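Peer 1: Note that the protein sequences, when read in sequence, are chains A and B.
The numbering used here numbers the first residue of the first sequence as 131 and each following residue consecutively.
The numbering used here numbers the first residue of the second sequence as 2 and each following residue consecutively.
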Amino acid sequence: MANYFLIILTFSPLLGVLLLAFIPKSLPGTVKAIGILATLVPLVLTFMLYANFNLVAEGMQLSQQWNWIRIPIGEQAIPITFEVGVDGLSMPLLVLTTVISTMAAVAALSINKRWKEFYILFLIVEMGMLGVFSSTNLFQFFIFFEFTIIPLFFMMGIWGYMDRERAAMKFLLYNGVGSAIMLIVFVTLFILVGTLSMEEIRQLLTDPMSPRNVPNLPGYIPDSIRFGLFLALLIAFAIKIPVVPFHTWMLKAYQEAHPAVIMISSGVLIKIGGYALIRMNAAFFPEWMNQLSTLIAVLGVINILYGAVLALVQDELKQMLAYSSVSHMGIMLLGLAATNLQGFQGAVFQMVSHGLIAALMFYMVSLVHERTGTSNIRELGGLAKSMPMISGVLLTAMMASAGLPGMSGFISEFLSFVGLFGVKPVIAAVGALGLILTAAYLLRAILGTTFGPIQQKHESLSDAQAIEVVPMVVLLSLVILIGVYPAVLSEPLQTTLQNIVPRIGG
Amino acid sequence: MSSVSKWGNLAQYDWSVMSPEFIILGVATLLSLLDLFMNKKADRRILAWIGFLGIIVAGYFVVRNTGQNVVSILNDMYRVDGFANAFKLLFLSGVAFVFLISLTYIDESKNIRYSGEYYYLILTALLGAMLMASSSDLITLFVGLELLSISSYILVGTRKQHIHSNESAFKYVISGGIASAITLYGMSFIYGLTGSTNLYVIAERLSSVFYDGFDFLVYFSFFLMFVGFAFKISVVPYHMWAPDVYQGAPTPIAAFLSVVSKAAGFAIVLRVFLISFGSLVSFDMETGQQGSVLVNTLSVYIAIVAAASMIIGNTLAMRQVNIKRMMAYSGIAQAGYLLVPFATLTVLMFEQTMFYLVAYLFANMGAFAIIMLVNRDQKTEDLKSFAGLYHRAPWMAIAMTFFLLSLAGLPITAGFFGKFYIFMSAIVHSSYWLAGIMLATSVVSYYYYFGVIRQMYMRPGKTEAPLKVPASIGLVVLIALVGTVAAGIMPDPVMQYIHHKFPLQQMFQPGGQ
Numbered sequence: 131m132a133n134y135f136l137i138i139l140t141f142s143p144l145l146g147v148l149l150l151a152f153i154p155k156s157l158p159g160t161v162k163a164i165g166i167l168a169t170l171v172p173l174v175l176t177f178m179l180y181a182n183f184n185l186v187a188e189g190m191q192l193s194q195q196w197n198w199i200r201i202p203i204g205e206q207a208i209p210i211t212f213e214v215g216v217d218g219l220s221m222p223l224l225v226l227t228t229v230i231s232t233m234a235a236v237a238a239l240s241i242n243k244r245w246k247e248f249y250i251l252f253l254i255v256e257m258g259m260l261g262v263f264s265s266t267n268l269f270q271f272f273i274f275f276e277f278t279i280i281p282l283f284f285m286m287g288i289w290g291y292m293d294r295e296r297a298a299m300k301f302l303l304y305n306g307v308g309s310a311i312m313l314i315v316f317v318t319l320f321i322l323v324g325t326l327s328m329e330e331i332r333q334l335l336t337d338p339m340s341p342r343n344v345p346n347l348p349g350y351i352p353d354s355i356r357f358g359l360f361l362a363l364l365i366a367f368a369i370k371i372p373v374v375p376f377h378t379w380m381l382k383a384y385q386e387a388h389p390a391v392i393m394i395s396s397g398v399l400i401k402i403g404g405y406a407l408i409r410m411n412a413a414f415f416p417e418w419m420n421q422l423s424t425l426i427a428v429l430g431v432i433n434i435l436y437g438a439v440l441a442l443v444q445d446e447l448k449q450m451l452a453y454s455s456v457s458h459m460g461i462m463l464l465g466l467a468a469t470n471l472q473g474f475q476g477a478v479f480q481m482v483s484h485g486l487i488a489a490l491m492f493y494m495v496s497l498v499h500e501r502t503g504t505s506n507i508r509e510l511g512g513l514a515k516s517m518p519m520i521s522g523v524l525l526t527a528m529m530a531s532a533g534l535p536g537m538s539g540f541i542s543e544f545l546s547f548v549g550l551f552g553v554k555p556v557i558a559a560v561g562a563l564g565l566i567l568t569a570a571y572l573l574r575a576i577l578g579t580t581f582g583p584i585q586q587k588h589e590s591l592s593d594a595q596a597i598e599v600v601p602m603v604v605l606l607s608l609v610i611l612i613g614v615y616p617a618v619l620s621e622p623l624q625t626t627l628q629n630i631v632p633r634i635g636g
Numbered sequence: 002m003s004s005v006s007k008w009g010n011l012a013q014y015d016w017s018v019m020s021p022e023f024i025i026l027g028v029a030t031l032l033s034l035l036d037l038f039m040n041k042k043a044d045r046r047i048l049a050w051i052g053f054l055g056i057i058v059a060g061y062f063v064v065r066n067t068g069q070n071v072v073s074i075l076n077d078m079y080r081v082d083g084f085a086n087a088f089k090l091l092f093l094s095g096v097a098f099v100f101l102i103s104l105t106y107i108d109e110s111k112n113i114r115y116s117g118e119y120y121y122l123i124l125t126a127l128l129g130a131m132l133m134a135s136s137s138d139l140i141t142l143f144v145g146l147e148l149l150s151i152s153s154y155i156l157v158g159t160r161k162q163h164i165h166s167n168e169s170a171f172k173y174v175i176s177g178g179i180a181s182a183i184t185l186y187g188m189s190f191i192y193g194l195t196g197s198t199n200l201y202v203i204a205e206r207l208s209s210v211f212y213d214g215f216d217f218l219v220y221f222s223f224f225l226m227f228v229g230f231a232f233k234i235s236v237v238p239y240h241m242w243a244p245d246v247y248q249g250a251p252t253p254i255a256a257f258l259s260v261v262s263k264a265a266g267f268a269i270v271l272r273v274f275l276i277s278f279g280s281l282v283s284f285d286m287e288t289g290q291q292g293s294v295l296v297n298t299l300s301v302y303i304a305i306v307a308a309a310s311m312i313i314g315n316t317l318a319m320r321q322v323n324i325k326r327m328m329a330y331s332g333i334a335q336a337g338y339l340l341v342p343f344a345t346l347t348v349l350m351f352e353q354t355m356f357y358l359v360a361y362l363f364a365n366m367g368a369f370a371i372i373m374l375v376n377r378d379q380k381t382e383d384l385k386s387f388a389g390l391y392h393r394a395p396w397m398a399i400a401m402t403f404f405l406l407s408l409a410g411l412p413i414t415a416g417f418f419g420k421f422y423i424f425m426s427a428i429v430h431s432s433y434w435l436a437g438i439m440l441a442t443s444v445v446s447y448y449y450y451f452g453v454i455r456q457m458y459m460r461p462g463k464t465e466a467p468l469k470v471p472a473s474i475g476l477v478v479l480i481a482l483v484g485t486v487a488a489g490i491m492p493d494p495v496m497q498y499i500h501h502k503f504p505l506q507q508m509f510q511p512g513g514q
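(1) Return helix, strand or coil for A/Tyr384, following the three-state DSSP convention.
(2) Distance check for A/Ala467 and A/Phe367, CA to CA, integer angstroms please.
(3) My parser needs the alpha helix (DSSP H) runs of 4 or more residues fully inside the segment 312-374 of chain A; what are they?
(4) Check A/Gly613 in the structure and name its three-state DSSP category.
(5) Within 10 angstroms of its Cβ, does A/Gly189 collect 16 or more other Cβ (buried), or is it exposed?
(6) Grab the span of the alpha helix (DSSP H) containing A/Ala207 for me, first residue to last.
(7) Per DSSP, what kind of secondary structure is A/Leu192 in: helix, strand or coil?
(8) Can B/Ile102 and B/Met373 be called in contact, C-beta distance under 7 Å?
(9) Select from the segment 174-202 of chain A all residues with a C-beta closer than 7 Å to any C-beta belonging to chain B, and list them in chain order.
(10) What residues from chain B crowd round A/Ala310, counting only those whose CB sits closer than 8 Å?
(11) Could you please tell me which residues of the segment 377-392 of chain A, in chain order, have their CB closer than 7 Å to any CB of chain B?
(12) In terms of alpha-carbon separation, which member of A/Leu179, A/Asn184, A/Val214 lies closest to A/Gln194?
(13) Hey, out of B/Thr485, B/Ala481, B/Glu465, whose CA is closest to B/Val99's CA?
(14) Could you check whether the Cβ of A/Thr318 sits closer than 7 Å to any Cβ belonging to chain B?
(15) Anyone know if the C-beta pair for A/Asn411 and A/Leu363 falls short of 7 Å?
(16) Provide the residue span of the beta strand (DSSP E) that contains B/Tyr79, from first to last.
(17) Within 7 Å of any Cβ in chain A, is that where the Cβ of B/Pro412 sits?
(18) Since A/Val373 and A/Leu429 are thought to touch, with beta carbons under 8 Å apart, how far apart are those beta carbons, to the nearest angstrom?
(19) Please specify which runs of the beta strand (DSSP E), each continuous and at least 3 residues long, are wholly inside the segment 124-159 of chain B, giving them in chain order.
(20) Can you list, in chain order, the residues of its chain with a C-beta nearer than 6 Å to that of A/Glu386? Leave out the 5 residues immediately preceding and following it.
(21) Check whether the segment 340-351 of chain A and the segment 391-406 of chain A are in contact - that is, three or more C-beta pairs closer than 8 Å.
(22) What are the boundary residues of the alpha helix (DSSP H) that B/Ser222 is part of?
(23) What residues in the segment 425-440 of chain B have a beta carbon less than 8 Å from any beta carbon of chain A?
(24) Check whether the Cβ of A/Phe248 lies closer than 7 Å to any Cβ atom in chain B.
(25) Pick out whichever of A/Val478, A/Phe547, A/Ile369 has its Cα sitting closest to the Cα of A/Glu621.
(26) Between the segment 577-589 of chain A and the segment 499-516 of chain A, do three or more beta carbon pairs fall short of 8 Å?
(27) Verify whether the separation of the beta carbon atoms of A/Ser546 and A/Gly613 is less than 7 Å.
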């Protein structure tokens with residue numbers, strides 16, 4: 131059982147797909163119930179994973195590998211393996227995936243057509259995300275990555291608002307470019323190094339005794355090629371994160387897609403970018419991570435300020451949240467650019483924290499939108515009177531996003547900036563301006579929606595129903611849990627990051 | 002030679018290796034005779050089934066030939082080697098699919114009055130393709146090429162009452178004729194220089210001719226032949242015919258042209274150039290270095306042709322509103338991908354090409370079967386005819402999605418691994434620009450492949466009535482779907498089968514007796 135744990139976890143959402151396939155469309159209630167219950171299976175499994183996680187073990191745990199493909203070269207064959215494993219970096223993200231998925235599955239109750247297809251696609255995306263985080267092989271990583279993109283294209287294009295098809299196409303093409311660049315890098319690495327296993331690549335590329343690192347030996351990989359690969363990976367993941375100017379797909383998606391889709395996309399999918407930067411860029415090319423850290427820091431600052439300034443002028447709450455995500459991902463980049471332990475911890479904290487908060491905020495906005503029919507600040511106001519619960523949670527979520535102490539946002543921003551101040555004080559200082567702007571745009575948004583005079587037509591609106599409260603409570607309590615007791619996250623991270631960071635030599 | 006029969010050497014040959022061709026020839030003759038003596042009003046579907054049976058039997062004999070040593074008869078005019086067997090199996094399966102699709106098409110289409118000739122002309126075209134795969138003499142290769150071409154010209158025009166069909170047949174004849182002329186012109190130079198039409202003899206003599214100051218003519222003949230063959234595989238610069246012809250041709254014939262005819266083109270390209278130009282070595286007077294002309298010089302041009310086809314095919318496909326024209330441009334782009342292994346010439350060149358052709362066979366045949374079904378139902382070939390297909394025939398829509406994903410090269414389909422292997426060859430060869438163009442244009446292709454998907458799932462159709470799927474179409478789609486997905490999850494068995502059963506090195510063993 132232990133050997134197959136990660137495989138079972140990764141493919142566990144398919145159980146729901148199988149069940150749903152046999153349920154007739156005409157029973158939407160059953161379809162929804164099974165769709166939500168199916169996400170509980172991986173959720174429970176990841177909690178088991180968390181509970182049994184070995185905090186001090188270095189390297190991958192529960193790892194397992196199978197031969198999958200052989201590339202025949204003459205009489206020999208180079209294998210590509212199917213391998214899984216989990217460490218302190220991927221474990222929190224696996225938990226994040228299953229938590230957000232269950233919450234999004236609940237949020238998806240508000241869709242009004244074709245429930246069966248939605249939940250089937252939804253579970254396939256969840257499998258893709260779990261597969262991405264549990265893969266320790268680049269090829270498999272790539273395939274699971276595609277598994278998140280294609281179903282999400284359908285989910286964006288079929289459910290959502292008026293211009294959803296364009297949003298879906300834009301999402302597909304941007305992510306298609308990203309994965310194409312990624313594939314170029316992976317195949318090049320495969321040719322240069324002769325393997326696609328992440329751990330083997332890391333060793334071959336960083337061990338000073340490896341023939342890849344000794345000039346004049348056959349198989350030596352010169353710095354220029356490493357630089358090219360690093361840069362290409364950076365661009366590929368910059369599209370995913372997204373880094374300005376590759377962020378436009380996200381704006382469109384936030385505006386047009388169904389909230390449940392955005393909860394997954396913003397809560398988990400865009401974190402793949404940050405995760406891969408640590409897992410690949412920092413692990414494979416530590417020297418370039420160090421040398422280009424200023425570039426990453428500058429990109430981060432641009433993201434923070436650009437996102438924050440534009441968030442400040444948005445009247446449309448969903449667009450405001452999109453720019454807010456851009457801004458917060460900038461903070462994650464700053465943490466990575468610090469290339470020290472605090473910085474990396476801050477970055478991972480930011481991934482998890484933003485995953486939870488962004489999902490929560492978008493969910494709250496979608497609840498407002500459902501009831502009032504708009505998410506424009508100018509048409510809202512005073513909602514605290516008619517829906518105190520929703521307004522209160524929205525306020526709390528926004529405070530968490532602004533980095534109020536005692537919530538997860540504070541820890542992650544604090545760690546990221548502490549990390550960066552140690553090495554690049556000027557850039558960090560400029561970036562910190564963004565925090566003030568963040569507070570400003572969030573306050574503006576919350577004032578515009580929940581305070582002030584209420585419009586007459588909004589007076590009789592109902593507050594949240596019991597089932598709608600579940601995601602609020604779960605997400606909010608996790609945000610607060612990380613805020614007051616960060617060790618839940620930092621302890622498992624510690625060993626893994628201590629392994630990665632010193633190599634960068636930042 | 003103890004006993005000399007009155008037939009001389011001819012009796013010495015092991016004619017049994019030619020049984021697949023004899024069977025196809027026999028069945029085609031039988032069908033034409035039956036057609037002649039059958040009642041004019043009688044249902045011709047029985048002919049299709051006889052033809053189908055013949056294809057299966059021929060396939061059995063090809064399988065029996067695989068894994069054997071090279072057998073060559075008639076001074077290499079006909080030979081059985083791994084290369085030939087692989088392509089023949091591909092052609093036979095392709096034509097089997099076409100027959101199954103045609104059963105429904107002919108059944109309902111009032112446009113085709115002479116369905117008997119439709120079936121036996123497909124078989125003669127198949128015979129031509131098989132000869133092209135199995136010969137290493139310019140004369141027989143050309144005969145095979147013409148047999149395939151002339152049969153296809155007629156097939157394209159079989160919808161006699163249809164103005165587009167007439168137009169496309171005429172265009173196809175004219176441009177095909179020019180292409181043949183160019184091919185022959187190129188071949189004539191080769192013959193003039195080396196004094197032989199046998200590819201192995203040409204290979205032996207070409208190097209000395211090259212040094213004797215005729216290098217320009219050698220290049221010239223290469224380009225002429227390549228341009229001529231480019232017509233068959235529909236790559237730049239000879240691709241313009243494809244959209245018009247596909248649009249006008251009956252849909253099963255468009256499927257035939259896009260898969261079988263194209264694969265036959267690749268067979269002749271690889272056979273002629275790998276054997277006759279493969280050993281051509283150039284000598285640099287200043288540095289004293291030797292290098293293969295094919296690898297060093299010619300491959301650059303092939304790579305450029307490949308890149309141009311990908312770019313032109315994929316970008317023009319985006320603008321199409323007619324699904325068959327879109328598939329034609331898609332086919333141009335696919336041919337561009339397929340040229341990459343030939344341009345990079347890595348050790349796995351043949352395996353990569355074959356795997357991709359297999360993936361392409363499944364995806365394209367499946368897609369054309371569904372296109373035929375939908376167009377017939379909606380009486381239009383417009384992309385919009387796919388609107389709401391998911392609600393009318395969910396399984397067809399899901400299958401079509403997988404075929405389109407395979408053509409776009411996305412997991413989990415055979416097309417993904419096909420592209421992955423090809424892509425790998427470009428990187429091994431350090432042709433990063435080619436790899437880059439390949440992936441960039443693949444992303445462009447998402448736009449139009451997903452455009453069809455968008456119609457199927459996201460747009461409301463004119464009708465919600467369930468689409469009736471005939472058994473033969475269902476069978477084609479099912480086989481194609483299983484093949485596409487199975488090879489997309491476990492590509493290894495296919496790759497290993499190609500690698501072990503169809504060794505490419507057999508092609509380079511002259512067997513002249």
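All C-beta atoms in this analysis are idealised placements derived from N, C-alpha and C, irrespective of residue type, glycine included.
Please read all numbers here as calculations on a predicted model, not as lab measurements.
Peer 2: By the coordinates alone:
(1) Position 254 of the first sequence, counting from 1, holds the residue named residue 384 of chain A. Three-state result, A/Tyr384: helix.
(2) Residue mapping note: residue 367 of chain A aligns to position 237 of the first sequence, counting from 1. Residue mapping note: residue 467 of chain A aligns to position 337 of the first sequence, counting from 1. A/Phe367 and A/Ala467: Cα-Cα distance of roughly 15 Å.
(3) 328-336, 353-370
(4) Sequence index remark: in the first sequence, residue 613 of chain A carries index 483 (1-based). DSSP places A/Gly613 in helix when its eight states are reduced to three.
(5) In the first sequence, the residue the question calls residue 189 of chain A occupies position 59. A/Gly189 comes out exposed.
(6) If you number the first sequence from 1, residue 207 of chain A lands on position 77. Element bounds for A/Ala207: not the alpha helix (DSSP H) but the beta strand (DSSP E), 206-216.
(7) Stepping through the first sequence from its first residue, residue 192 of chain A is reached at position 62. In the structure shown, A/Leu192 sits in a strand (DSSP, three-state: E or B).
(8) By one-based count along the second sequence, residue 102 of chain B stands at place 101. By one-based count along the second sequence, residue 373 of chain B stands at place 372. Contact flag set, yes.
(9) Ile199, Arg200, Pro202
(10) Position 180 of the first sequence, counted from the start, is the residue given in the question as residue 310 of chain A. The contacting residues are Leu440, Ala441, Ser443, Val444.
(11) none
(12) Taking the first residue of the first sequence as position 1, residue 194 of chain A is located at position 64. Selected option, being the one with the closest Cα: A/Val214.
(13) Along the second sequence, read from residue 1 onward, the residue named residue 99 of chain B stands at position 98. That would be B/Ala481, whose Cα lies nearest to the Cα of B/Val99.
(14) Taking the first residue of the first sequence as position 1, residue 318 of chain A is located at position 188. So, interface residue.
(15) Stepping through the first sequence from its first residue, residue 411 of chain A is reached at position 281. Stepping through the first sequence from its first residue, residue 363 of chain A is reached at position 233. Against a cut-off of 7 Å, the Cβ pair of A/Leu363 and A/Asn411 comes out as a contact.
(16) Here residue 79 of chain B refers to the residue found at position 78 of the second sequence. Per DSSP, B/Tyr79 belongs to the beta strand (DSSP E) from 79-81.
(17) Residue numbering aside, residue 412 of chain B sits at position 411 when the second sequence is read from its first letter. Yes, contact with chain A.
(18) Walking along the first sequence from the start, residue 373 of chain A turns up at place 243. Walking along the first sequence from the start, residue 429 of chain A turns up at place 299. So it is a contact: roughly 5 Å between Cβ atoms.
(19) none
(20) Reading the first sequence from its first residue, position 256 is the one you call residue 386 of chain A. Hits under 6 Å: Gly290, Tyr291, Asp293, Arg294, Ala297.
(21) no
(22) Residue mapping note: residue 222 of chain B aligns to position 221 of the second sequence, counting from 1. First-last of the alpha helix (DSSP H) with B/Ser222: 216-234.
(23) Met425, Ile428, Val429, Tyr433, Ala436, Gly437, Leu440
(24) Position 118 of the first sequence, counting from 1, holds the residue named residue 248 of chain A. Chain B contact via Cβ: absent.
(25) Counting from 1 along the first sequence, the entry for residue 621 of chain A is found at position 491. Selected option, being the one with the closest Cα: A/Val478.
(26) yes
(27) As a first step, residue 546 of chain A is located in the first sequence; it is residue number 416 there, counting from the start. As a first step, residue 613 of chain A is located in the first sequence; it is residue number 483 there, counting from the start. Their beta carbons are not under 7 Å apart, which means A/Ser546 does not touch A/Gly613 by this criterion.
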